[in-house]
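Below is one structure, written out as structure tokens; comments come after it.
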Amino acid sequence: MDHHFRAFSFVDRITAIEGGRRIRGHYAIPAGIDSFSPSLVGEAIGQIAAWAAMAAVDFTHRPVAGIVGGIDLTSTVRPGQRLELSADLDGVDTSAIAYSGTAQVEGSPVLRLERCVGPMVPVEEFDDPQALRERFALLSAAGAAPGAFGGMCPLIAHRGGGEPGRSVRATLELPATASFFSDHFPRRPVFPGSLLVDQNLQLVAALAAEIPPPDNGGRWVARRLTGLKLRSFIPPGETLEFEARLVERSAGSATVKVETRRGTRLTGTATILLGMEAYP
Amino acid sequence: MSNANINKEDIAALLPKVAETIADALGCDAANVKPDASLINDLGAESIDFLDIVFRLERAFKVKIPRGKIVEEARGSLSESEFENGGVLTPAGEARLKEFLSEVPPDRFKSPMKAAEIPRLFTTETFCKMVIRQQRAAGGSGQPA
Chain G
1156 MDHHFRAFSF VDRITAIEGG RRIRGHYAIP AGIDSFSPSL VGEAIGQIAA WAAMAAVDFT
1216 HRPVAGIVGG IDLTSTVRPG QRLELSADLD GVDTSAIAYS GTAQVEGSPV LRLERCVGPM
1276 VPVEEFDDPQ ALRERFALLS AAGAAPGAFG GMCPLIAHRG GGEPGRSVRA TLELPATASF
1336 FSDHFPRRPV FPGSLLVDQN LQLVAALAAE IPPPDNGGRW VARRLTGLKL RSFIPPGETL
1396 EFEARLVERS AGSATVKVET RRGTRLTGTA TILLGMEAYP
Chain D
257 MSNANINKED IAALLPKVAE TIADALGCDA ANVKPDASLI NDLGAESIDF LDIVFRLERA
317 FKVKIPRGKI VEEARGSLSE SEFENGGVLT PAGEARLKEF LSEVPPDRFK SPMKAAEIPR
377 LFTTETFCKM VIRQQRAAGG SGQPA
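Line by line, the protein sequences are chains G and D.
Sequential numbering of the first sequence, starting at 1156, is according to our numbering.
Sequential numbering of the second sequence, starting at 257, is according to our numbering.
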């Protein structure tokens, strides 16, 4: 099966590009999949911003994930829901894109990306420029048929090491092949930054379960991620080492720093703020 | 754009805010961001960090910094072929770079030098000068925003 525009593509239709700086569109989360993580919602926002950026430079360059100033994790989404996507570009040229963006479900925000900066790289190294042009034309007209995404293959990190309640460590061996690598990207497969964030959030959830509960007696949940920086491309088959470390805890919030390494090289960093789970 | 008339007082006026901005981007203590610190060799910066720093400086000083153009600026009036040959700086290119990056200690310039190695020379003061040049180009005073 050709996985291009299927295995890791999360924009069904582009409904408006205003002045080349504001783009809007939507994505229907397939009803038949098990789940759709907040990281994939962030990926969808990044992808709609990427379409605006590529169109702005006539598909000579495309953005890749780099820096995210903040991610507000407002609420989770379910299969079958439709994401309304929008992104505002603060700037784009052949060296970088700067943007912020939001995903909403039925008028309510579910996730917001703030102050994102991504390097622009030559499209030809990563994808077929003509295929991207044709896809952009399709998305901007009738839109793509929804439902192509069949869900994520499980990526299981193995926990080991750390200090209970203070830090946790995990190792993830990336597969050499996976459908998402064929879409991200066809000519040069790269482990998506959003999936790295997903691993970070899973590790922090594991640490959160070990931290003494907040003062309301409930659970810690990730509310916001700040200062995400992805320092290098991660090819298929690599081994990633994660460490999440509690740096601060108060009555109603906790701060966890997460580092991702490939060998000795620091590949990703982020800070995740935990808050108290709201009671219904 | 030249460095003409950027003096030590101009740089000193911006230095604390530039150092703080660089420290925030690199996640290090601002006290470690010395004026002559090489961002790559001394502070461990990578290419994504330069992008981060430039965008943070743009926000902090309300200027537009042309990304990826610092090497082009360093070239000045020299053509590309006068500045470098096969990715290696020509003698004229080396002389021009030393003049442009006058804040960088002379012993850090190699000869021969690859153009790709130029960012290794960038110091905290290099970014101060970058902001001042853009402030002046925009008609500003070259003072902190």
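All residues carry an ideal CB built from backbone N, CA and C; glycine is no exception.
Source: prediction; values computed, not measured.
field: CB contact below 8 Å: D:Phe-311 versus chain G
entry: yes
task: Could you have a look at G:Thr-1231 and say whether DSSP puts it in helix, strand or coil?
output: coil
task: Please list the segments of the alpha helix (DSSP H) lying wholly inside the stretch 1250-1332 of chain G, counting only runs of 4 or more residues, in order along the chain.
output: 1278-1281 and 1284-1295
message: Mapping the DSSP letters down to three states, classify G:Gly-1382 as helix, strand or coil.
response: Reduced to three states, the DSSP call for G:Gly-1382 is strand.
field: Rounded C-alpha distance that separates D:Ile-388 from D:Ala-351
entry: Roughly 23 Å between the two C-alpha positions.
message: Bridge partners for D:Ser-294 per DSSP, in chain order?
response: D:Thr-379
message: With a threshold of 8 Å, are at least 3 pairs of Cβ atoms found where one atom belongs to the stretch 1177-1197 of chain G and the other to the stretch 1222-1235 of chain G?
response: yes
message: Please classify G:Thr-1394 as buried or exposed, where buried requires at least 16 neighbouring CB atoms within 10 angstroms.
response: Exposed: under 16 other Cβ atoms inside 10 Å.
query: Beta-carbon of G:Ser-1250 versus every beta-carbon of chain D: anything under 8 Å?
result: yes
query: Got a sec: is the Cβ-Cβ distance from D:Ile-374 to anything in chain G below 8 Å?
result: no
query: Looking at G:Leu-1383 and G:Val-1402, is the spacing between their C-beta atoms short of 8 Å?
result: no
- prompt: Of all the residues that make up the stretch 1259-1281 of chain G, which are near chain D by a beta-carbon distance shorter than 7 Å?
  reply: Under the 7 Å Cβ criterion, the stretch 1259-1281 of chain G contributes Val-1272 and Pro-1274.
message: Can you confirm whether the stretch 330-346 of chain D touches the stretch 354-373 of chain D when touching is taken to mean that 3 or more C-beta pairs between the two stretches lie within less than 8 Å?
response: yes
- request: Taking the CB atoms as reference points, tell me whether G:Leu-1228 and G:Leu-1266 lie closer together than 8 Å.
  value: yes
- prompt: Which residue from G:Ala-1208, G:Cys-1308, G:Thr-1419 and G:Ile-1252 puts its Cα closest to that of G:Gly-1221?
  reply: Ranked by Cα distance from G:Gly-1221, the first of G:Ala-1208, G:Cys-1308, G:Thr-1419 and G:Ile-1252 is G:Ile-1252.
- prompt: With a Cβ-Cβ cutoff of 8 Å, do G:His-1216 and G:Val-1276 count as a contact?
  reply: yes
task: Compare the beta carbon distance of G:Asp-1238 and G:Ala-1199 with 8 Å and say whether it is the shorter of the two.
output: According to the sequence provided, residue 1238 of chain G is Leu. The question's Asp does not apply to it. Yes, the Cβ-Cβ distance between G:Leu-1238 and G:Ala-1199 is below 8 Å.
- request: Could you name the residues of chain D that G:Gly-1256 contacts, counting a contact when the two beta carbons are closer than 9 Å?
  value: Under the 9 Å cutoff, chain D gives no residues; its nearest Cβ is about 16 Å from G:Gly-1256.
field: Same chain, Cβ closer than 6 Å to D:Leu-295, five either side skipped, listed in chain order
entry: Ala-301 and Phe-378
- prompt: Just reading off the alpha helix (DSSP H) that D:Ala-330 is part of, what are its end residues?
  reply: Unbroken alpha helix (DSSP H) run through D:Ala-330: 326-331.
- prompt: So what does DSSP say about D:Arg-352, is it helix, strand or coil?
  reply: Three-state DSSP puts D:Arg-352 in a helix.
- prompt: Taking the C-alpha atoms as reference points, what is the distance between G:Ala-1406 and D:Gly-395?
  reply: 49 Å
query: Can you give the Cα-Cα distance for G:Ala-1204 and G:Gly-1305, rounded to whole angstroms?
result: 23 Å
query: Under a Cβ-count criterion, where at least 16 other Cβ atoms within 10 Å of its own Cβ denotes burial, should G:Arg-1417 be classed as buried or exposed?
result: Buried, because 16 or more other Cβ atoms sit within 10 Å of the Cβ of G:Arg-1417.
Positions along the stretch 1366-1387 of chain G whose CB lies within less than 8 Å of some CB in chain D: Gly-1382, Lys-1384, Leu-1385, Arg-1386 and Ser-1387
task: Give the secondary structure of D:Arg-389 by DSSP, where H, G and I count as helix, E and B as strand, and everything else as coil.
output: helix
field: Limits of the alpha helix (DSSP H) - the one that G:Pro-1341 falls within
entry: Element bounds for G:Pro-1341: n/a, residue is neither H nor E.
message: For D:Ile-309, tell me which candidate among D:Ile-278, D:Asp-266 and D:Gln-390 has the shortest Cα-Cα distance.
response: D:Ile-278
message: Can you look up D:Ser-337 in the DSSP assignment and give me helix, strand or coil?
response: When DSSP states are grouped into helix, strand and coil, D:Ser-337 belongs to the helix group.
message: Could you check whether the stretch 1314-1326 of chain G touches the stretch 1157-1172 of chain G, counting it as contact only if at least three pairs of C-beta atoms, one from each stretch, sit closer than 8 Å?
response: no
task: Note down, in chain order, all residues in the stretch 272-294 of chain D with a beta-carbon under 8 Å from any beta-carbon belonging to chain G.
output: Gly-283
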